[in-house]
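Each remark here refers to the structure printed beneath this line.
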Amino acid sequence: MNPSKQRFFIALVPPPDLQNHITQIKLYFAEHYNSRGALNSPPHITLQPTFEWPAADVPKLEESLKRFSANRQPIPVTLSGFAAFAPRVIYAGVVKSPQLLEMQTDLMSYVAAKLGIVDRISQTRPFVPHMTVAFRDLTKENFQTAWLESAARELHFEFTAAELTLLVHDGSRWNISQQFPLGAEPATIINQF
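Per our numbering, the sequence shown starts with residue 12, numbered consecutively.
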């Protein structure tokens, strides 16, 4: 990676109580199945995959995301059950609500048009919203056992995503860089007198 650039991605991060619960599930996979990769980021739903951005231009990136977020409303998010990208990744499933699909599509279009951020792979695949609990470091053998256990477990949570989150890589893990409230645009007052 170019030292004058940083790696980022954009996501929805659940509230602290749900973050703690999902982190406990990640820890379970780390302890029982030797899959620690998912612990390298807070629980999240990726909307814009990883991209590089010039360190000197981070304020431009943040201001642009602030503008995008201000014109959006908080959205309901539902986690339901477990699913997998076999044979290495297990995740908490996220219901594909119209609001979530619209948010992701609008964000990808916005960052492409305004910032030139384009993820070519995402353009060729359908959006599968998810929260990873066991990462690609899960061996194929451990995946089989872990998947049988996970598929039988129930999981259901609902929350309102009230902010868009920019995460940055520090060289070893992903951290929250900045959060942008959804719907923060002040009401426009029209003088009718």
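The C-beta atom is built at its ideal place from N, Cα and C for all residues, glycine as well.
Quick one: what's got a C-beta closer than 8 Å to residue i's C-beta in the same chain, skipping five residues either side?
i    : result
H43  : A157
A97  : F154, W158
S108 : I86, P87, V88, T89
On the DSSP letters alone, give me the boundaries of the alpha helix (DSSP H) that residue i sits inside.
i    : result
R131 : 131–134
E160 : 151–162
Between the Cα of residue i and the Cα atoms of the options, which residue gives the shortest distance?
i    : options                : result
F79  : A103, K107, D117, A173 : D117
A103 : F40, S91, P65          : S91
F191 : E73, P54, H141, F62    : E73
I56  : M114, L126, K77        : M114
A41  : S188, V144, G182, R164 : V144
R164 : K16, P25, P27, I36     : I36
With 8 Å set as the bound, which would you pick, yes or no: does the beta-carbon of residue i sit closer than that to a beta-carbon of chain B?
i   : result
F40 : Among the protein chains of the structure shown there is no chain B, as only one such chain exists.
Less than 8 Å between the CB atoms is what I'm expecting for residue i and residue j, so what's the real figure, rounded?
i   : j    : result
L29 : F170 : 6 Å
W64 : F19  : 6 Å
I21 : L175 : 6 Å
P25 : P54  : 6 Å
For the beta strand (DSSP E) holding residue i, just list the boundary residues, first then last.
i    : result
L178 : 174–180
I128 : Where I128 is concerned, there is no enclosing beta strand (DSSP E), given that its DSSP letter is neither H nor E.
P192 : 185–192
V24  : V24 -> no beta strand (DSSP E), and no H or E assigned at all.
V144 : 141–145
Within a Cβ cutoff of 7 Å, which residues of the same chain sit near residue i, ignoring the five residues on either side of it in sequence?
i   : result
P85 : T171, A172, A173, L193, G194
Next item on the list: Starting from the N-terminal side, write out each stretch of the beta strand (DSSP E) that is 3 residues or longer and does not extend beyond the region 44–108.
Entry: 56–65, 86–96, 100–105
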